[in-house]
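Protein chains in written order, with this note's numbering: chain D, 22 to 132; chain U, -15 to 98. We put the CB at the ideal spot given by N, CA and C, even for glycine. Source: prediction; values computed, not measured.
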Amino acid sequence: DAKTTQPNSMESNEEEPVHLPCNHSTISGTDYIHWYRQLPSQGPEYVIHGLTSNVNNRMASLAIAEDRKSSTLILHRATLRDAAVYYCILDPNNAGNMLTFGGGTRLMVKP
Amino acid sequence: DTAVSQTPKYLVTQMGNDKSIKCEQNLGHDTMYWYKQDSKKFLKIMFSYNNKELIINETVPNRFSPKSPDKAHLNLHINSLELGDSAVYFCASSQESVGSGTQYFGPGTRLLVL
């Protein structure tokens, strides 16, 4: 299974943008890049996903490198409610049934 | 409206007991999953069910058995509970088709084996 590498933790100030990096140097051509987050004491929730092009939705933006070996999740204005563990996951064929969660990045947001 | 629900939310039991955790989804999805999150917070997939057929079975002990009475439910039965089974168990669901891999998770069941 293709693996992802993320920093263990990051800090941000409230109302500032946050860029969460993810390296996936062994990504294959059919692997979709998914991001999930897990708020304290809750189940993971879907954030965004993409294949090659950058993606935007109401929660975040996903910037994918041209060689697809890395990606960045962008939260445009961090709020205290965005404090969570963010997981970058590769999903073969976007089928959803082979999700392997790594350690993720714990985002701390300071007021 | 709760998309994926689990009961109970908390479960405290003695070693050796048999217990069940229930999961229901009202999203009309055709695939459901069970994940285990241990004390180190690593989230690992245990089972996946599609149309009542087990399609993934990671190397979990056979004391764990998923049971799906219908497409909307996937229950997890655990026999002869051990201390190491203490964890948070999450149920999830998705629509299995290319381009629709997003999984929706339940709130989790916190199991403590004494």
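Closest by C-alpha distance to residue i, when choosing among the options
i, options, result
"N63 (chain U)", "U:C7, U:G0, U:K6", "U:G0"
"S91 (chain D)", "D:P61, D:W56, D:Q63, D:V68", "D:W56"
"V97 (chain U)", "U:T(-9), U:Q(-10), U:K3", "U:K3"
"I29 (chain U)", "U:H13, U:I5, U:Y17", "U:Y17"
"A71 (chain U)", "U:N41, U:N46, U:S52, U:T93", "U:T93"
"D112 (chain D)", "D:S62, D:L72, D:I95", "D:L72"
"S(-11) (chain U)", "U:T(-3), U:P45, U:E37, U:N59", "U:N59"
"E35 (chain D)", "D:A99, D:T126, D:T121, D:L120", "D:A99"
"I54 (chain D)", "D:G124, D:A86, D:P61", "D:A86"
"V39 (chain D)", "D:S46, D:D52, D:L60, D:Y107", "D:Y107"
"Y(-6) (chain U)", "U:I5, U:A(-13), U:T(-14)", "U:I5"
"A(-13) (chain U)", "U:A56, U:N41, U:R47", "U:A56"
"G125 (chain D)", "D:S33, D:E37, D:N44", "D:N44"
Assigned secondary structure, residue i (DSSP; H/G/I helix, E/B strand, else coil)
i, result
"G71 (chain D)", "strand"
"L60 (chain D)", "coil"
"L67 (chain U)", "helix"
"L38 (chain U)", "strand"
"V82 (chain U)", "Summary for V82 (chain U): the model assigns pLDDT 49, below 50, so the residue's position carries little reliability; its value from the coordinates is reported in the next sentence. Coil at V82 (chain U), not helix or strand."
"L41 (chain D)", "strand"
"R94 (chain U)", "strand"
"D103 (chain D)", "helix"
Neighbour-count burial assignment, residue i, 16 or more Cβ in a 10 Å radius
i, result
"E66 (chain U)", "exposed"
"P65 (chain D)", "buried"
"V82 (chain U)", "In this predicted model, V82 (chain U) has a pLDDT of only 49, less than 50, meaning its place in the structure is not dependable enough to derive any value."
"I39 (chain U)", "exposed"
"D88 (chain D)", "exposed"
Residue i and residue j closer than 8 Å at C-beta
i, j, result
"T26 (chain D)", "I110 (chain D)", "no"
"I9 (chain U)", "S77 (chain U)", "The question names Ile, yet the displayed sequence has Gln at residue 9 (chain U). For Q9 (chain U) and S77 (chain U), yes; Cβs fall inside 8 Å."
"L27 (chain U)", "Y88 (chain U)", "no"
"M129 (chain D)", "A104 (chain D)", "yes"
"P50 (chain U)", "Y33 (chain U)", "yes"
"L83 (chain D)", "L94 (chain D)", "yes"
"K91 (chain U)", "Q63 (chain D)", "Going by the sequence as given, residue 91 (chain U) is Pro instead of Lys. Cβ atoms of P91 (chain U) and Q63 (chain D): closer than 8 Å."
"D14 (chain U)", "N35 (chain U)", "yes"
Contact with chain D by residue i, beta-carbon distance below 8 Å
i, result
"I29 (chain U)", "yes"
"P91 (chain U)", "yes"
"T86 (chain U)", "yes"
"F74 (chain U)", "yes"
"F48 (chain U)", "no"
CB contact check: residue i to chain U, cutoff 8 Å
i, result
"P65 (chain D)", "yes"
"M120 (chain D)", "In the sequence under discussion, the amino acid at residue 120 (chain D) is Leu, which differs from the Met named in the question. For L120 (chain D), the answer is yes, since a Cβ of chain U falls inside 8 Å of its Cβ."
"Y53 (chain D)", "yes"
"G124 (chain D)", "yes"
"D103 (chain D)", "no"
"D112 (chain D)", "yes"
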